[in-house]
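Residue numbers (the numbering used here): 239 to 777.
All C-beta atoms, glycine included, are put in the ideal place defined by N, C-alpha and C.
Please read these numbers as outputs of a predicted model, since none were measured by experiment.
First comes the structure, then the notes that go with it.
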């Protein structure tokens, strides 16, 4: 075997690969930081430099295949123009032997790509995401300095000042005191569903494996609810549950190694994506239990009494025949009569065409309920006033659950799903909750499959593009190196497009077609290599 010749070829190839990879990685990494800097992400100059440094490793998965192809084109083109390939062939070496070191280097690069994409790069993607998100202290400090609100999931908070409490007695990992605070609960359209202004607030953070839990308490507050358009003062508001903040380095399948992806596939209930659906399902199940309790009272007494929280004793006696998925109904379709009783004396009577009982969305608690009345006729019972008609009336702060024991928030997904399947025929919202959980699990599995396919195809692309650049340099010996590389660049670009399209199809739950499309680009490169090699070997 011509080991000296092979060492010479490999030395030239490696030198070119390292040089072109370093240049491409640097350019792409600087390009990666442009979008965060141009957006709303809060990055200091030091964090921007750190982000570029971290981005260099993940960008290898795109830079290394193209750098390898370009390096092979440059090296083999020089060998051809110096008649070194001709001399090798004239000395009796077959083209199979001539291209053997190129193939060997390609296999080594493919192995490196597999290790990088499956173990190293996901970690750096996570570190990049964590850098963009920043730690909570820096996020709060920078936001307050700039006079802009900061966000945690659906919660948007504005404050004028803050300080960090060292070694909090509550056992929290971090504690922050805020002053002159406005907190808003934001819906999917970016609109505020409720907000609270407070003289001060306390944020406690508890860091877990995949999420951080945020507990918020506000003092001397005034709360506004969009549904009822009402204001309510309170000395203290404290949400009944913590707000989960997914760790960016642990919540996205793109940030998980191959072993962690396998674990996520076996235990999808641990994923933040599915946890959202579990919480929603538990809410639906608890609402179903409340409806069941109301139905029992309606069947036995013909009406149900729901108390309203507050300093004044107030309740609402509702005359209906049944409750189903939050709607209170009369069998004959007539209006539902609701009597407001204040201090045990009837105060007003509402006759409504539609009555819906819903969880209260006001920031600070989701244990209360709202009663939404449609096409309402309001009569005063304690003062002689004329009746009036309203298109809509919302009553907030109701305790509809009463003595109903609600399901625990930490109930495992398997238990919640088993119970939900037993009662889904009795409730449309429970059936919808089951469908949402199953959809989220399919979405998670699709993301996992897409990551596995994308990483595998990119690893093979590095080998194929290296071989394609080398063989094209021998075939198109009369063209300049860049002219030769163009013939390899555009098929490789098509390959990346097909990989992206295929993985998108896999994420959309089309595994078979998506896998075929993802690998079709590599198939095109392989066919080109075999065809060009047959042309070269004949000549």
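Could you spell out the range, first to last residue, of the beta strand (DSSP E) harbouring residue i?
i           : result
residue 441 : 430-445
residue 646 : Element bounds for residue 646: n/a, residue is neither H nor E.
residue 394 : 393-403
Based on the DSSP secondary-structure assignment, which residues constitute the bridge partners of residue i?
i           : result
residue 459 : 436 and 472
residue 564 : Answer is none; residue 564 lacks a bridge partner.
residue 583 : 580
residue 238 : Residue 238 is absent from the model: the chain starts at 239 and stops at 777.
residue 680 : Per DSSP, none; premise fails for residue 680.
residue 554 : 544 and 578
residue 423 : 393 and 432
residue 626 : 616
residue 589 : 575 and 615
residue 631 : 611
residue 413 : 403 and 442
residue 388 : 395
residue 636 : 546 and 607
residue 454 : 441
From the options, pick the residue whose C-alpha is nearest to that of residue i; which is it?
i           : options               : result
residue 723 : 734, 627, 732 and 710 : 710
residue 631 : 467, 453 and 340      : 467
residue 620 : 585, 699 and 350      : 585
residue 315 : 769, 735 and 717      : 717
residue 440 : 474, 450, 429 and 446 : 474
residue 346 : 684, 699 and 333      : 699
residue 703 : 268, 340, 317 and 284 : 340
residue 265 : 290, 248 and 256      : 290
residue 634 : 623, 588, 494 and 609 : 609
residue 692 : 327, 355 and 324      : 355
residue 577 : 541, 300, 319 and 684 : 541
residue 532 : 562, 295, 713 and 375 : 562
residue 322 : 544, 336 and 660      : 336
residue 527 : 646, 424 and 446      : 646
residue 518 : 405, 403, 421 and 674 : 674
residue 799 : 529, 497, 550 and 552 : No statement about residue 799 is possible, as the shown extent of the chain runs from 239 to 777 and does not include it.
residue 524 : 388, 770 and 595      : 595
residue 312 : 734, 712 and 650      : 712
residue 696 : 714, 720, 738 and 568 : 738
residue 494 : 359, 445 and 476      : 359
residue 747 : 755, 684, 571 and 327 : 684
residue 548 : 606, 623 and 539      : 606
residue 296 : 270, 317 and 318      : 270
residue 404 : 442, 247 and 389      : 442
residue 772 : 550, 741 and 334      : 334
residue 379 : 343, 416, 348 and 656 : 416
Just reading off the alpha helix (DSSP H) that residue i is part of, what are its end residues?
i           : result
residue 543 : It is not in any alpha helix (DSSP H) - residue 543 instead sits in the beta strand (DSSP E) that spans 541-546.
residue 407 : It is not in any alpha helix (DSSP H) - residue 407 carries neither H nor E in the DSSP assignment.
residue 501 : 496-504
residue 656 : 651-661
residue 331 : That residue, residue 331, is in no alpha helix (DSSP H); it is neither H nor E in DSSP.
residue 353 : 338-353
residue 756 : 749-776
residue 287 : 283-293
residue 211 : Nothing in the structure corresponds to residue 211, since the chain is present only between 239 and 777.
residue 254 : 241-270
residue 742 : 719-745
Could you check the C-alpha separation between residue i and residue j for me, to the nearest Å?
i           : j           : result
residue 286 : residue 729 : 34 Å
residue 351 : residue 564 : 54 Å
residue 863 : residue 744 : The requested residue 863 is not part of the displayed model; the chain covers only 239 to 777.
residue 500 : residue 507 : 13 Å
residue 426 : residue 464 : 14 Å
residue 617 : residue 587 : 5 Å
residue 242 : residue 298 : 30 Å
residue 503 : residue 516 : 17 Å
residue 283 : residue 369 : 12 Å
residue 668 : residue 597 : 15 Å
residue 707 : residue 701 : 10 Å
residue 375 : residue 382 : 11 Å
residue 686 : residue 491 : 6 Å
residue 560 : residue 454 : 38 Å
residue 409 : residue 571 : 55 Å
residue 545 : residue 637 : 6 Å
residue 257 : residue 247 : 16 Å
residue 768 : residue 386 : 59 Å
Check whether the Cβ of residue i lies closer than 7 Å to any heavy atom of the ligand NAD, and answer yes or no.
i           : result
residue 687 : Summarising the ligand content, the structure contains no ligands, and the ligand NAD is consequently not present.
With a threshold of 8 Å, are at least 3 pairs of Cβ atoms found where one atom belongs to the segment 393-402 and the other to the segment 362-369?
Output reads no: the segment 362-369 does not touch the segment 393-402.
Taking 8 Å as the threshold, find out whether the segment 422-437 comes into contact with the segment 453-464 through three or more Cβ pairs.
Contact between the segment 422-437 and the segment 453-464 is present: three or more C-beta pairs spanning the two stretches fall below 8 Å.
Determine, using beta-carbon pairs with one atom in the segment 668-681 and one in the segment 503-514, whether at least three such pairs fall under 8 Å.
These segments touch.
Is it a yes or a no for the segment 291-306 touching the segment 254-273, going by three-plus beta-carbon pairs under 8 Å?
A contact exists between the segment 291-306 and the segment 254-273.
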